[in-house]
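K.L.:
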Amino acid sequence: MTNVLLILLIITLLYVSIANRIITYVRVLALQGFILFGVTYLQLKDIETWNLVLIMLETIIFKAVAVPLFISYLIKRNRMTRETEPYLPHFVSLIIVTAIVVVTILLSNSIKDTHLDKIFFIVSLSTLFTGLYFIASRKKIITHVLGYLIIENGVFVLSLAVGNEMPNLVNLGIMLDVFASVLILGIFLNKIGDVFRDADVDQLSNLKDY
Amino acid sequence: MISISLILLVSLFFPGIILRTKSLTSGRLGPGLMQPVKDVVRLFRKGAVYSDTTSFIFRIAPTIYFSSVLMACLVIPMGQYRGLVSFDGDFVFFAYILALGKFFSIIAAMDTGSSFEGMGASREALYSMFAEPAFFILLGSFSLLTGFTSFYDIFNSLHLGSSITYTLGILAAFVLIMIAMIENSRMPVDDPKTHLELTMVHEVMILDNSGFDLGLIIYSGYLKFAMYGALIAGFFIGSLSPGWSVTAFLLIQLVFAATVGLIESFMARFRMNHNPQFILALSSVSFLIFLGVLLVLEKFV
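Just so you know, the sequences run in chain order A and B.
Quick note: the first sequence, position 10, residue 10 per my numbering, numbers continuous.
With the second sequence counted from 1, adding 1000 to any position gets you my numbering.
1. With a cut-off of 8 Å, does the C-beta of residue 91(A) fall near any C-beta of chain B?
2. Beta-carbon of residue 158(A) versus every beta-carbon of chain B: anything under 8 Å?
3. According to a CB-to-CB cut-off of less than 7 Å, which residues of the segment 1155-1169 of chain B neighbour chain A?
4. Are residue 1288(B) and residue 1171(B) closer than 8 Å when you measure CB to CB?
5. Can you tell me which of the three DSSP states residue 994(B) falls into?
6. Evaluate the contact criterion for the segment 1266-1283 of chain B versus the segment 1178-1188 of chain B: three or more CB pairs, one atom per stretch, below 8 Å.
7. Exposed or buried, which one is residue 193(A) when buried takes at least 16 other CB atoms within 10 Å?
8. Of all the CB atoms in chain B, is at least one closer than 8 Å to the CB of residue 106(A)?
9. Tell me which same chain residues have a C-beta within less than 8 Å of the C-beta of residue 1297(B), skipping the five on either side of it?
10. On the DSSP letters alone, give me the boundaries of the alpha helix (DSSP H) that residue 117(A) sits inside.
11. Which residues, in chain order, does the segment 1024-1052 of chain B contribute to contact with chain A at a C-beta distance below 9 Å?
12. Between the segment 1213-1225 of chain B and the segment 1116-1135 of chain B, are three or more C-beta pairs nearer than 8 Å?
13. Consider the Cβ of residue 1287(B): report whether some Cβ of chain A lies at a distance smaller than 8 Å.
14. If residue 1120(B) and residue 1237(B) are in contact, beta carbons under 8 Å, what's the gap, nearest whole angstrom?
15. Please name the residue or residues paired with residue 83(A) in a DSSP beta bridge.
16. Could you tell me the alpha carbon to alpha carbon distance between residue 1019(B) and residue 1254(B), rounded to whole angstroms?
17. Are the Cβ atoms of residue 52(A) and residue 2(A) separated by less than 8 Å?
18. Mind checking if residue 10(A) is an interface residue toward chain B, Cβ cutoff 8 Å exclusive?
19. Who are the Cβ neighbours of residue 26(A) in its own chain at under 6 Å, not counting the five residues just before and after it?
20. Helix, strand or coil: how does DSSP classify residue 1045(B) here?
21. In this structure, how does DSSP classify residue 138(A) when only helix, strand and coil are distinguished?
22. Answer yes if the segment 1229-1247 of chain B comes into contact with the segment 1056-1070 of chain B, meaning at least three C-beta pairs across the two stretches below 8 Å, and no otherwise.
23. Answer yes or no: does any C-beta atom of chain A fall closer than 8 Å to that of residue 1292(B)?
24. What residue range is occupied by the uninterrupted alpha helix (DSSP H) comprising residue 56(A)?
25. Please tell me whether residue 138(A) and residue 83(A) are closer than 8 Å, where the distance is taken between their beta carbons.
26. Identify every residue that forms a DSSP beta bridge with residue 1078(B).
27. Please decide whether residue 94(A) counts as near chain B, where near means a Cβ-Cβ distance under 8 Å.
28. Can you find a CB in chain B that lies within less than 8 Å of the CB of residue 57(A)?
29. Per DSSP, what kind of secondary structure is residue 178(A) in: helix, strand or coil?
30. Assuming residue 34(A) contacts residue 64(A) under a Cβ cut-off of 8 Å, what Cβ separation, rounded to an integer in Å, is found between them?
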């Protein structure tokens, strides 16, 4: 069942790579939150109950509900246009994301370590690289934030793989999550949203002394 | 023998069920279940008109197209029964006999010398080309999983046990439904309702065919739907007893036809430049099936 959920996570990445609208990204992020909730419940069996409750509350509240709702509020408030405006066509994005998954599988297959849970490794690494790719290939700042959140989900998956032995790593992942929420809340709401009407990175490169 | 007769039987009702689903979702009763087949029979009674500029290729192409689809149906098993033709590696035969038929309908379209038809043929060839890796990765993964290379052996040794194999079955059904929609030029990539100038894929490719030939081409489309439905059914009914497997087969075909009708009712046709990425996404999903198979076989860890 864990494997099914993790494969579903990769399918959401493929879906994001050909999605046209920002709101689709936000919905996929919420879906990823629910998937991670399920994986947490199934995977972390050996840790203390209170710690498990904390982690699961965090995944469901922050990852699946609060952050997506908040981002969609931000999108409305800042009157952003709906398109994601990638630098490359979606077709190329899809090929690149598929190639990322293939390369991660090959990479992890070359590792001869029996302690490593390969499926977690593959999924987290490909989520991480895909998030990086989204940051590099999309124009708008909001999509950069979304790409960062995808990376964070990847890190969380990797921490879940060793969660039974080292619960502290999972808690560190949660810290990263809370930190990211504060990041979006503080910087984005107060500064960039008001200064730049359409929050396009191209305009940042225009800043210079006159 | 039983599988080909069931496929032929289903192909008579399949388009009617699609049409009925579409009518019901748009709040109409719609024509009778046999109406699409009656239309084909009407076309069969007519003679064909041939342009002076066409050669013999244009005349034989519809026949070859129809017989290629019929031959592809022969290799498909039904539950415990083998198809009429069954040998190792017959899924490669299946894919390329269909490609042969498609090749002939493409060069027949080029043969007319019409620029419209050439464009439609080029797009149809492009979409089939993108759908091919999805099909082969899918079937290749399943033959890796079971260790056999013919449809009959693959379906019969496929035991759906754990949750991951159910996922693989559902993903495979999804990929096959989408391949069937692409190969039949139905809704997400092409619109069968818009004749001539709007979509410019399949309908424009067969613009010059008339009468008997047109009837053959249209009926081949129905047959193709029943054929892909039989393939999808094969993933789930391999280990059932004969009586149950026939029931399950018909039920799966019914659900498949209703699904096609629902997809056509609630989805808009994609813009032409979105089609390749959509079809390529199917290959990516089949690749995930491959990953799942590697997981089941414990090639990892």
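Note that CB positions come from ideal geometry on N, CA and C, so glycine has one too.
P.N.:
Straight from the coordinates:
1. yes
2. no
3. 1163, 1164 and 1167
4. yes
5. Absent from the structure is residue 994(B), since the part of chain B shown begins at 1001 and ends at 1301.
6. yes
7. Bear in mind that the predicted position of residue 193(A) carries a pLDDT of just 48, short of 50, making it unreliable; the figure below should be weighed with that in mind. Buried is the call here.
8. So no, residue 106(A) is outside the interface.
9. 1144 and 1145
10. Here residue 117(A) belongs to no alpha helix (DSSP H), and DSSP marks it neither H nor E.
11. none
12. no
13. yes
14. Not a contact, Cβ separation roughly 37 Å.
15. 21(A)
16. Between the C-alpha atoms of residue 1019(B) and residue 1254(B) there is a straight-line separation of about 12 Å.
17. Taking a C-beta distance under 8 Å as the contact criterion, residue 52(A) and residue 2(A) do not qualify as a contact pair.
18. yes
19. 68, 71 and 72, listed in sequence order.
20. coil
21. strand
22. no
23. It does; some Cβ of chain A falls within 8 Å.
24. 49-58
25. no
26. 1081(B)
27. yes
28. no
29. helix
30. 5 Å
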